[in-house]
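Encoded as structure tokens, the structure appears first; notes follow it.
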Amino acid sequence: MADWNGEIASREELRERKRRAALRVASRLFNEKGYHATSLDEIADCIGVTKTALYYYFRNKEELLFECIELSLNAGDRAREAAPADGPALERFRAFYLRFLTEVMRDGGSYTTMVNMRALPSAMQERAAQRRDGLRDHIAGLLDAAMAEGSVRPLDSAATASFLITAINWLVAYPQEFPTPPLDPEQEARAFLDQLLYGISLR
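Each residue of the sequence shown is one higher than the one before, starting from 1425 at the first, in our numbering.
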């Protein structure tokens, strides 16, 4: 198939765009209403296609939910790959978490909270949980290293890492609760990270 020197999207590119559009709509509805209260018919209506058309991209609603969750986990993996492998641990943590936050915020509604993970079949739950736990352990390791170098106060690294994963999960939900004009994704990520690292008190 001719691609007009790259100006015309290929069949594969168009298919992927449609998949991402479906994931964006599905994630927004799952986050707003919950997985069980959202039907494939409703998702299809919001996209402007038939439910039958959705089955061309996803076998069922469980697979659609699983791929929504995978998107958020993929953002964490990309952040992990992009962050520096050496240097001060606090700076490595900062670079990783800023990239993670920015990826989530940039893609907006394409992410779904891990609360919905319990709606998945057990095999999918296990796979998603293993990937989530890998990201949590990576964060905990960075925090342990930062404590060892003296740049972070003593804390429970595992509990803090779980909190940080949960915080990212709920960032996708708060725009529905606080419908203010969004900042640039990286600006918003930096503001969140500043609050995390420095708090709000002058004392």
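Heads up, the beta-carbon is just placed ideally off N, CA and C, and yes, glycines get one too.
The alpha-carbon of ALA1585 is positioned some 5 Å away from that of ALA1564.
Proximity of the region 1441-1460 to the region 1473-1487 meets the contact definition, three or more beta-carbon pairs being nearer than 8 Å. Spanning the alpha carbons of ARG1551 and ASP1557 requires a straight line of approximately 10 Å. In the DSSP assignment, ARG1448 falls within the unbroken alpha helix (DSSP H) covering 1435-1457.
Annotation for GLN1549: MET1541, ARG1542 place their beta carbon closer than 8 Å to its own, counting only its chain and skipping 5 residues before and after. Note on geometry: alpha-carbon atoms of LEU1525 and ILE1592 lie some 7 Å from one another. The criterion of a C-beta distance shorter than 9 Å is satisfied by LEU1495 and TYR1535.
Ranking ARG1523, ASP1568, ALA1583, PRO1512 by CA distance to the CA of ALA1615 puts ARG1523 first. Contact between ALA1509 and LEU1566 is ruled out by a C-beta separation of about 11 Å, above the 8 Å threshold. For the 9 Å CB-CB criterion, ALA1503 and PHE1520 form a contact. Straight-line spacing of the CA atoms in ALA1569 and LEU1438 works out to 44 Å. Nearest Cα to VAL1576 within the set LEU1620, THR1590, VAL1539, MET1538: LEU1620. In its chain, beyond the 5 residues on either side, PRO1512, ALA1513 have a beta carbon closer than 7 Å to the beta carbon of GLU1573. Cβ contact annotation for HIS1562 (same chain, cutoff 7 Å, sequence separation greater than five): ARG1504, in chain order.
With 16 or more other CB atoms across the displayed protein chains lying within 10 angstroms of its CB, THR1462 is buried. For ARG1560, the closest alpha carbon among the candidates VAL1539, TYR1459, LEU1617, LEU1497 is that of LEU1497. With a 10 Å radius around the Cβ and a threshold of 16 neighbouring Cβ atoms, THR1474 comes out exposed.
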